[in-house]
Each structure stands twice: as C-alpha cells, then as structure tokens.
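Enquirer: Following this message is one structure expressed as structure tokens.
Numbering (the working numbering), first residue to last: 1 to 363.
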C-alpha cells in the first residue's frame, strides 16, 4: 500500500513475503532512515545508531554495541545484576501478596527493566516499585518514544564520571575509557548515544536462570505468541529508500518512507490459523519459528542490518521476568476476566490502553 503523506511518499509493507524483500533481499537499498523533526532538533541523527546512515560511523557503533554491551560474554558477566533485579521484583510481589494488593504488571516489569539498565550503565537504580518516581520515569520514556520512537537517557549521563577515573565498575566507565584513549574510535557524544540503545520443571528452591529457559517450551511459546499479536513497535522504526527500486512490479521512489507492518504480518490469516486467537501451542508444533530476524512472519525486533542491537538482552530479560512471576506466585485478576480491556494505544510504539493488574498469592 502506498500513501502520500504531505510531501513524503509512504509505502506500507504488510506481508511477510514483502518484508523479506525489503529487509533481506534489498536490505541495503532500504537501510536509510527518515529523520523525525524531534530527533533532528536534538541532533540525535548525527550520533545515534537509530538514525545514522549505514556508513563507517554506524558500523563502528554497531560493533561497539555487539562487543561491549550485548555479546554473550558481556551478558553472562552481568547475570548477577539481572539476578539482583529479579530478586527485588520477587520481593515486591511477595509484599503485595501478603497484603492482598494488586500488582500493575506493566509497571513492575518496566521498573525491573529500567533498574537493570541503570544499574548496568550507571551502577544505580532509577526507580522504586509502586512509586511516583517509577511512574514519572515511565511517562518520560513513553513520551520520548511517542516523539521519536526511541527512549533517551542522555540527560542522565554523569559528567562526574570523566573526573573520577578509577576502575571500570559499570558500562559507562568502560565506554568512557574507550573514548579517552589516544587512538579512540569513540567520542563523548558517541558514548552518550550508545547508552540510548541499552535502557520444564523447576526446583521450587531456586530461582529461574537463563539455562532453565530452554527447558520451558511453553513459556517460550507464550512469549512468541505475545510478540506475534502485540509487537512493541508495530511498524518498526521507519526505513527510507536510498534510490529508486522496483519491488514486486511496483516502483518505490528514492526517499520514500517504508513502514514494515509487523502487527499485520503477525495476524495474517494466510500465515496463521485462527490468527487472532491465543494459541501458544502452535509454537510447540512449529517450534523452529523464531523472532530473531530469520522468520519474517515474526520479526518484532526487525531484521537485516537494522535489526535491534538490544535483542540479545531483551531475549533473556523477557523470559526471566515472566518465569520469575509465574514460578513464585499464583495470580488472580483484580476484575472479572470478561471485563478485561484488551484495547491498545496504537502508534509508533504499542502498549495496553489500560494496564493489566493482578493479585499475587505466594506458592
């Protein structure tokens, strides 16, 4: 589908087959970005991987992300931080279970993820559970995402880190050290924008860990089902054609904006039987379907060279947060199931219009 939005030609790609052509076959031709005014006003397009063209600077930053932030070795080394944040989540839910108080699931997961990132980057927590600070931070992040599609933590970059020196206790210090070497490939602004990309059967006596996830096929199926029906970025981050190019007999002009409609692909009745139904079992029968950029009917993180660099961390955290919540607690809805509002706030990012709230009971 092609639209003319003001002076911009916008092409909406709504099938897995077309998405594969755009993000794989002609990946480089569609690798550019349409820069929103909000991003340009803050000069983010000069430093951020989200907006930079696929050239040397972009490749350098992707390499740093891959090696310094999201490599298997780095993620394994920071497992203790994730374990600590999941323990705090469990303690908060336990407190709620003892008082009969409902938990806002979205806020609890957001606070856990935010503190995981802030502890990894800055060795401190940004928010507390069930607090005004947590809600304010959530509002700020969603506000920024609504403006330019990506959260911005640059304001929290501590200038004092440059003066204190010392060991590499957190990721900020490691990146700053890289930026201060004589042969540095990173500038201070590069460091700021790297930080933007950061934010079975179990034994009851131990908490879930990454090794357990492979033995929890149904939990993995539920996560895949959720990504299929409720992708966080329903149109991904818009791409832009770098030249005129023909796709399936249609000419896409240079500078056209490309929206990959992963929300529609996830509900395509030609690809999914009972496409709107909650049937995690389908992923048990077809467990080879993955969401890491190879199966284009399920690409919540995108695909190709512009795939989300934080996918490895998200893959671990989503499963571990869900496993922690269901391993330690039983859950009862605060309202009747038929009263649940499944409507969503639809935009560049997607979230429930009304938060899910449930009352935990200790198992």
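By construction, the Cβ of each residue, glycine as well, lies at the ideal position given by its N, Cα and C atoms.
Just so you know, these numbers come straight off a predicted model, no measurement behind them.
Just how far apart, CA to CA, sit residue 96 and residue 355?
Expert: About 17 Å.
Enquirer: Does the beta-carbon distance from residue 89 to residue 112 come in below 8 Å?
Expert: It is a contact, given that the beta carbons lie within the stated cut-off.
Enquirer: Do residue 245 and residue 29 count as a contact pair if the criterion is CB distance below 8 Å?
Expert: Cβ distance < 8 Å, so residue 29 and residue 245 count as in contact.
Enquirer: Could you tell me which uninterrupted alpha helix (DSSP H) segments, each at least 4 residues in length, are contained entirely in the region 203-257, listed from first to last along the chain?
Expert: The region 203-257 contains these whole alpha helix (DSSP H) runs: 210-213 and 217-229.
Enquirer: By Cβ distance below 7 Å, which residues in the same chain neighbour residue 318 in space, the five residues on each side in sequence not counted?
Expert: The residues are 223.
Enquirer: To the nearest whole angstrom, what separates the beta carbons of residue 325 and residue 81, a pair I think is in contact under 8 Å?
Expert: Between residue 81 and residue 325 the Cβ distance is about 19 Å, and since that is not below 8 Å, they are no contact.
Enquirer: Report the residue ranges of all alpha helix (DSSP H) runs contained in full by the region 8-74; include only those spanning at least 4 residues, in chain order.
Expert: Segments of the alpha helix (DSSP H) lying fully in the region 8-74: 16-20, 37-41 and 56-64.
Enquirer: So, is residue 349 buried or exposed, given that buried needs 16 or more other C-beta atoms within 10 angstroms?
Expert: Buried, because 16 or more other Cβ atoms sit within 10 Å of the Cβ of residue 349.
Enquirer: Decide if residue 363 is buried, meaning its Cβ has at least 16 other Cβ atoms within 10 Å, or exposed.
Expert: Answer is exposed; the Cβ neighbour count stays below 16.
Enquirer: If you follow the alpha helix (DSSP H) that residue 312 is in, where does it begin and where does it stop?
Expert: Per DSSP, residue 312 belongs to the alpha helix (DSSP H) from 311-328.
Enquirer: Rounded to whole angstroms, what's the CA-CA distance from residue 249 to residue 14? Just pull it up for me.
Expert: If you take the alpha carbons of residue 249 and residue 14, they lie about 16 Å apart.
Enquirer: To the nearest whole angstrom, what separates the beta carbons of residue 284 and residue 208, a pair I think is in contact under 8 Å?
Expert: No, residue 284 and residue 208 are not in contact; Cβ-Cβ is about 19 Å, not under 8 Å.
Enquirer: Under three-state DSSP, which class holds residue 104?
Expert: Reduced to three states, the DSSP call for residue 104 is strand.
Enquirer: Using DSSP with H/G/I as helix, E/B as strand and the rest coil, what is residue 358?
Expert: Residue 358 falls in the strand class under three-state DSSP.
Enquirer: Over what stretch of residues does the beta strand (DSSP E) that includes residue 2 continue unbroken?
Expert: Counting along the chain, the beta strand (DSSP E) containing residue 2 begins and ends at 2-5.
Enquirer: From residue 229 to residue 282, what distance separates their C-alpha atoms?
Expert: Taking the straight line joining both Cα atoms gives about 13 Å.
Enquirer: In the DSSP output, what is residue 260 paired with across the bridge?
Expert: Looking at the DSSP assignment, residue 260 forms a beta bridge with 13.
Enquirer: In the DSSP assignment, find the unbroken alpha helix (DSSP H) run with residue 99 in it and report its ends.
Expert: That run of the alpha helix (DSSP H) goes 79-99.
Enquirer: Are the beta-carbon atoms belonging to residue 105 and residue 314 less than 8 Å from one another?
Expert: No; because the gap between Cβ atoms is not below 8 Å, this pair is not in contact.
Enquirer: Taking the CB atoms as reference points, tell me whether residue 210 and residue 262 lie closer together than 8 Å.
Expert: No.
Enquirer: Roughly how many angstroms lie between the CA atoms of residue 258 and residue 33, to the nearest whole one?
Expert: Computed Cα separation, rounded: 9 Å.
Enquirer: Quick one: give me the first and last residue of the alpha helix (DSSP H) that residue 285 is part of.
Expert: That run of the alpha helix (DSSP H) goes 282-285.
Enquirer: Are there 16 or more other CB atoms within 10 angstroms of the CB of residue 342, so buried, or fewer, so exposed?
Expert: Classification of residue 342: exposed, given that the 10 Å Cβ count is below 16.
Enquirer: What's the gap between the Cα of residue 227 and the Cα of residue 253?
Expert: Cα to Cα, the separation comes out at about 31 Å.
Enquirer: I need the DSSP call for residue 345, collapsed to helix, strand or coil.
Expert: Of the three classes helix, strand and coil, the one that applies to residue 345 here is strand, per DSSP.
Enquirer: Would you decide whether residue 316 is buried or exposed? Buried here means 16 or more other CB atoms lie within 10 Å of its CB.
Expert: Label assigned to residue 316: buried.
Enquirer: Could you pull the DSSP bridge partners for residue 333 from this structure?
Expert: DSSP lists 358 as partners of residue 333.
Enquirer: Ignore the nearest five residues each way along the sequence and tell me which others in residue 61's own chain have a CB closer than 6 Å to its CB.
Expert: Contacts found: 49.
Enquirer: How about residue 304 and residue 27: are their beta carbons less than 8 Å apart?
Expert: Against a cut-off of 8 Å, the Cβ pair of residue 27 and residue 304 comes out as a contact.
Enquirer: From residue 361 to residue 331, what distance separates their C-alpha atoms?
Expert: Computed Cα separation, rounded: 6 Å.
Enquirer: Assuming residue 213 and residue 109 make a contact with CB atoms under 8 Å, what is their CB distance in whole Å?
Expert: Incorrect: roughly 16 Å between the Cβ atoms, too far for contact.
Enquirer: Could you tell me the distance, in whole angstroms, from the CA atom of residue 351 to the CA atom of residue 232?
Expert: For residue 351 and residue 232, the distance between alpha carbons rounds to 7 Å.
Enquirer: State the Cα-Cα distance for the pair residue 87 and residue 256, rounded to the nearest angstrom.
Expert: Going from the Cα of residue 87 to the Cα of residue 256 covers about 47 Å.
Enquirer: Which of the three DSSP states, helix, strand or coil, is assigned to residue 294?
Expert: Coil at residue 294, not helix or strand.
Enquirer: Is residue 3 buried or exposed, if buried means 16 or more other CB atoms sit within 10 Å of its CB?
Expert: Looking at its Cβ environment, which holds fewer than 16 other Cβ atoms inside 10 Å, residue 3 is exposed.
Enquirer: What does the alpha-carbon distance come out to for the pair residue 345 and residue 139?
Expert: Roughly 14 Å between the two C-alpha positions.
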